[in-house]
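Visitor: Here the protein sequences come in this chain order: A and B. So for the first sequence, our numbering puts the first residue at 1; every next one is plus one. So for the second sequence, our numbering puts the first residue at 1; every next one is plus one.
There are 2 protein chains.
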Amino acid sequence: MKKAYICLDIGGTKVLGSVFDENLKIVCTVKKKTKAEEGQEKIEERIIGIIEELIIKSQMDRGSLVAIGAGAPGIINESTGQIIFTPNIPWKNYNIKKVIEERFNAPFHIGNDVKMGVLGEWKYGVGKGKENIVGIFVGTGIGGGVIINNKLYAGAKHSGTEIGHMIINTEGPYCNCGQRGCLEAYASKIAITREIRSQMQRGRKTVLSDLMGDTTVIKSKMLKKAIDEKDELALEVLDKAVYYLAAGAGSLINIFNPNMLIFGGGVFEALGGYMLPKVQEKIRRFSMPAVFEGTEIVQSKLGDDSILYGSLALIMERFRK
Amino acid sequence: MKKAYICLDIGGTKVLGSVFDENLKIVCTVKKKTKAEEGQEKIEERIIGIIEELIIKSQMDRGSLVAIGAGAPGIINESTGQIIFTPNIPWKNYNIKKVIEERFNAPFHIGNDVKMGVLGEWKYGVGKGKENIVGIFVGTGIGGGVIINNKLYAGAKHSGTEIGHMIINTEGPYCNCGQRGCLEAYASKIAITREIRSQMQRGRKTVLSDLMGDTTVIKSKMLKKAIDEKDELALEVLDKAVYYLAAGAGSLINIFNPNMLIFGGGVFEALGGYMLPKVQEKIRRFSMPAVFEGTEIVQSKLGDDSILYGSLALIMERFRK
Numbered sequence: 001m002k003k004a005y006i007c008l009d010i011g012g013t014k015v016l017g018s019v020f021d022e023n024l025k026i027v028c029t030v031k032k033k034t035k036a037e038e039g040q041e042k043i044e045e046r047i048i049g050i051i052e053e054l055i056i057k058s059q060m061d062r063g064s065l066v067a068i069g070a071g072a073p074g075i076i077n078e079s080t081g082q083i084i085f086t087p088n089i090p091w092k093n094y095n096i097k098k099v100i101e102e103r104f105n106a107p108f109h110i111g112n113d114v115k116m117g118v119l120g121e122w123k124y125g126v127g128k129g130k131e132n133i134v135g136i137f138v139g140t141g142i143g144g145g146v147i148i149n150n151k152l153y154a155g156a157k158h159s160g161t162e163i164g165h166m167i168i169n170t171e172g173p174y175c176n177c178g179q180r181g182c183l184e185a186y187a188s189k190i191a192i193t194r195e196i197r198s199q200m201q202r203g204r205k206t207v208l209s210d211l212m213g214d215t216t217v218i219k220s221k222m223l224k225k226a227i228d229e230k231d232e233l234a235l236e237v238l239d240k241a242v243y244y245l246a247a248g249a250g251s252l253i254n255i256f257n258p259n260m261l262i263f264g265g266g267v268f269e270a271l272g273g274y275m276l277p278k279v280q281e282k283i284r285r286f287s288m289p290a291v292f293e294g295t296e297i298v299q300s301k302l303g304d305d306s307i308l309y310g311s312l313a314l315i316m317e318r319f320r321k
Numbered sequence: 001m002k003k004a005y006i007c008l009d010i011g012g013t014k015v016l017g018s019v020f021d022e023n024l025k026i027v028c029t030v031k032k033k034t035k036a037e038e039g040q041e042k043i044e045e046r047i048i049g050i051i052e053e054l055i056i057k058s059q060m061d062r063g064s065l066v067a068i069g070a071g072a073p074g075i076i077n078e079s080t081g082q083i084i085f086t087p088n089i090p091w092k093n094y095n096i097k098k099v100i101e102e103r104f105n106a107p108f109h110i111g112n113d114v115k116m117g118v119l120g121e122w123k124y125g126v127g128k129g130k131e132n133i134v135g136i137f138v139g140t141g142i143g144g145g146v147i148i149n150n151k152l153y154a155g156a157k158h159s160g161t162e163i164g165h166m167i168i169n170t171e172g173p174y175c176n177c178g179q180r181g182c183l184e185a186y187a188s189k190i191a192i193t194r195e196i197r198s199q200m201q202r203g204r205k206t207v208l209s210d211l212m213g214d215t216t217v218i219k220s221k222m223l224k225k226a227i228d229e230k231d232e233l234a235l236e237v238l239d240k241a242v243y244y245l246a247a248g249a250g251s252l253i254n255i256f257n258p259n260m261l262i263f264g265g266g267v268f269e270a271l272g273g274y275m276l277p278k279v280q281e282k283i284r285r286f287s288m289p290a291v292f293e294g295t296e297i298v299q300s301k302l303g304d305d306s307i308l309y310g311s312l313a314l315i316m317e318r319f320r321k
C-alpha cells in the first residue's frame, strides 16, 4: 500500500475499524467490544490498540498512514474534534484528537456517527452527486444527517439534525430524551422492542418467543425471521413503526424538499426489504404532492460500513481545505 | 435619489409596493387590492400600474431605477423568476420577469414571500449576522424560511421549507393541504378562526361576538382586543395555538439547531406581545436541552415590511453575483 487510511466506527457497544488503501477499498477490518463502562482511559487505550492491530494486520508501512478518521455517537465538533457529549460512552468535553495524533503521527478527524453515515452515503454510496439529502438512520435510536448544497449540515452548535426527536404526536409516548411523542419513541429499535414485549406479556402469541429463548433482547435478525414467517404480532408492530417513519419522513420532505431521502441503520439493514416499499408508499400521505414529486426514497448502500466511509469522506474533506 | 429600488409584496388579497433610496430607506409606499379573481393579465396590469405609480410618487428619475424585486406566495424558482405555482393567485408556470424587465428596463427578481421575509430579517432585521436561522411566519397559513450557512435554503425544487405542513399529530385535524395534523391546521389564523367560530356556534360567550358584528371574519386586531380584555375563549384558543407552535418550533430546533428562531407574520404582528413569551417558555418542553441552549427565540423586527426588505436583499444578492 502506498497510502493507507484508518477509519473507526466507535459505538456504545462495539468499535469497528478498517484500513482503506489508496484506491479507497477496505483491506482489513477489526471489531472489538467498547466496554464503555470501564471509563474514559480504558476506552482510549482500546481504540489505540485497535489502530495498532489494524496497522499490523494490514502490513502497512507506518509511513504510509495518511490519516485516521472516526464516527462516534453524540454531539461532536467536527472542526475541532471536541466530543461535547456522548450518550453511551463516558466522554464529556473530551478531546481524543491530540492523544491519537501524537501517538500515530497522523491527523485525526472525528464526527457524529450518523452524520458520518450520511456523509459516507453522499460521497461513496447511494447519494453520490445529490445536492440535498436527508438521512434517517434507524437503530437502537433514530439519528439523522442532512446534506445541504453539497455540504454536511452541522447546526449552530454541532448538535443539529436530531431528527429522531421531532414531535410526531404532542401527546405520544415518552421518549428516552424526556420528551413525548418523538419519532424515536415510535419507530426505533427500542420502541419496537418495548411494544412487542409489552404485547407478549399480555399473552399475544408470536414466533419471537421461541427465537428469543431465555434472552430479553429482540435482535433485528429475529424480527426479520418473524416477518418472513408472517408473524401477526411482528407485522403489526413493524407496520406501526413504518407508519410513523413515513410521517416523520413526510414532514422532513416538506421541510427540506431534498433530492433524496436515505433510510439506513441496523433496523433497515435487517428489515429494509420489508419496510422500504411500505414507507415509500405511505410517505405520500404525509408530504405535499408538489414537494414530494421527484424525491427519491432509497436505502443505504454502504450498510454497516457507512460510518467508516463517512469518516473517510471527512478525512478527504479536511485534506481539500 | 441617485439610486432607487422598487420592492413588491404580492399577496392573494393586496399588493404592497415601496421605493427604497440609495440608503436603503423606504421613501414611499403604495397599497392596492390584488383582485386575484380577475385573472392573470389583469393582475399583471395592476402590478405594472403600481410600479408606475411608485415611480411617479417618488419623483425618481427613471434612469435611477436599479432593479425591481418581489415576493409572492407559492413555489417560485428564485433563480429564473419562474412562478411554478401560487395557491391564491391564478399563476401557474408563469413568468412575469420578461414583461416587467422590458417595460421598465431594469432587472426583476422574485421569490417566495415567506422566504423573502426571512431573508429580509436576516439581512436587515432581527437576524443580522446569524449564520443559521429558522423563520416561522404565522398568518392565514403558516410559512417558513431557513437560512443555512448564511444562505437562504431553496430546496431541491424551490419548494422547500414548507414548515407549516410538518406533522404535529398524525391523527390531527385535516389541513387545507389535504394532510392531517399539520402545524398549519393547529396554529394558523385559519385554524384559530375555525376553532373560535365552532365554539361560538356552541354558545360559548366571547367579546368577539360584538367585535365581529355582522362579519364572519375574525381579524387579528379583534383577537388582540379580546386578549387584552382577558376573554376566556380567545385565551383558550390562542393558548392552544401557542402550545402547538411551541411543539413545531421545538422540533425545528432539534432538526436545525439554529442560532435563532424568528416568529413573524400577521398573527405575531398583532399578538406577538402575548404569544411570544408563552412560546419561549413552552418550546423548552419540545426541544432537547443540549440543542436548545443558546438558541434565540425572537419576533420579526421588520413586521409588515419584511417581505419588501427581503425582495431588496434578493436584488442585492443578484448584483453580488
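By construction, the Cβ of each residue, glycine as well, lies at the ideal position given by its N, Cα and C atoms.
#1: Strictly under 7 angstroms for the Cβ-Cβ distance: is SER159(A) near chain B by that measure?
#2: Using a Cβ cut-off of 7 angstroms, pull out every chain A residue sitting near TYR153(B), in sequence order please.
#3: Can you look up LEU302(A) in the DSSP assignment and give me helix, strand or coil?
#4: Can you give me the C-alpha to C-alpha distance between GLY11(B) and GLY129(B), rounded to a whole angstrom?
#5: From the DSSP secondary-structure annotation, give me the bridge partner or partners of SER18(B).
#6: Cα separation between GLY181(B) and PRO90(B)?
#7: If you measure from the beta carbon of MET275(B) to each beta carbon in chain A, is any gap under 7 angstroms?
#8: For the beta strand (DSSP E) that contains ALA72(A), what are its first and last residues?
#9: For ARG62(A), which residues of its own chain have a beta-carbon under 7 angstroms away from its beta-carbon, when the five flanking residues on both sides are left out?
#10: What do you get for PHE319(B), buried or exposed, if any count of 16 or more other CB atoms within 10 angstroms of its CB means buried?
#11: Along chain A, which residues have their Cβ under 8 angstroms away from the Cβ of ALA247(B)?
#12: Check LYS225(B) in the structure and name its three-state DSSP category.
#13: With the cut-off set at 7 angstroms, would you say SER311(A) and MET116(A) are in Cβ contact?
#14: Rounding to the nearest angstrom, what Cα-Cα distance links ASP304(B) and VAL267(B) in this structure?
#15: Do GLY265(A) and GLY139(A) come within 7 angstroms of each other at the CB atom, strictly closer than that value?
#16: Quick one: which unbroken alpha helix (DSSP H) runs of 4-plus residues sit fully inside the stretch 84 to 139 of chain B? Chain order, please.
#17: Sort ILE47(A), ALA187(A) and GLU38(A) by Cα distance to LEU245(A) and report the nearest one.
#18: Counting contacts by CB-CB distance shorter than 7 angstroms, is GLU326(B) in contact with chain A?
#19: Can you list, in chain order, the stretches of the alpha helix (DSSP H) that have 4 or more residues and sit fully within the stretch 194 to 223 of chain A?
#20: Excluding the five sequence neighbours on either side, which residues of its own chain have a C-beta within less than 8 angstroms of the C-beta of SER220(A), listed in chain order?
#21: Express the C-alpha separation of ALA4(B) and ALA249(B) in angstroms, rounding to a whole number.
#22: Mind listing the chain A neighbours of SER188(B)? Cutoff is C-beta to C-beta under 8 angstroms, in chain order.
#23: Would the stretch 31 to 43 of chain A count as touching the stretch 81 to 95 of chain A if we require 3 or more Cβ pairs under 8 angstroms?
#24: Let me check understanding here. Comparing Cα to Cα, which of THR29(A), VAL217(A), LEU208(A) and ILE96(A) lies closest to GLN40(A)?
#25: Tell me the DSSP bridge mates of GLY264(A)?
#26: Determine the burial state of TYR124(A): buried for a count of at least 16 other Cβ atoms within 10 Å of its Cβ, exposed for fewer.
#27: Once the 5 residues before and after ARG284(A) are set aside, which same chain residues still bring their CB inside 7 angstroms of it?
Guide: Let me lay it out:
#1: yes
#2: ILE148
#3: coil
#4: 28 angstroms
#5: As DSSP reads the structure, SER18(B) sits in a beta bridge with CYS7(B) and THR29(B).
#6: If I take the Cα positions, the gap works out to 27 angstroms.
#7: Not an interface residue.
#8: Under the DSSP assignment, ALA72(A) falls in the beta strand (DSSP E) whose first and last residues are 65 to 72.
#9: For ARG62(A), where only same-chain residues beyond five positions count, the Cβ hits under 7 angstroms are ILE55.
#10: exposed
#11: ILE167 and THR170
#12: Helix.
#13: yes
#14: 11 angstroms
#15: Yes. Within cutoff.
#16: 97 to 104 and 113 to 124
#17: The residue with the shortest Cα to Cα distance from LEU245(A) is ALA187(A).
#18: Here chain B has residues from 1 to 321 only, and residue 326(B) is not among them.
#19: Considered as a whole, the stretch 194 to 223 of chain A harbours 208 to 212 as its complete alpha helix (DSSP H) runs of no fewer than 4 residues, in chain order.
#20: LYS189, GLY266, VAL267, GLU269, ALA270 and LEU271
#21: 37 angstroms
#22: In chain order: nothing, as chain A lies at least about 15 angstroms away.
#23: yes
#24: ILE96(A)
#25: According to DSSP, GLY264(A) bridges with PHE137(A).
#26: buried
#27: Taking C-beta separations shorter than 7 angstroms and ignoring five residues to either side along the sequence, the partners of ARG284(A) in its chain run PHE292, following chain order.
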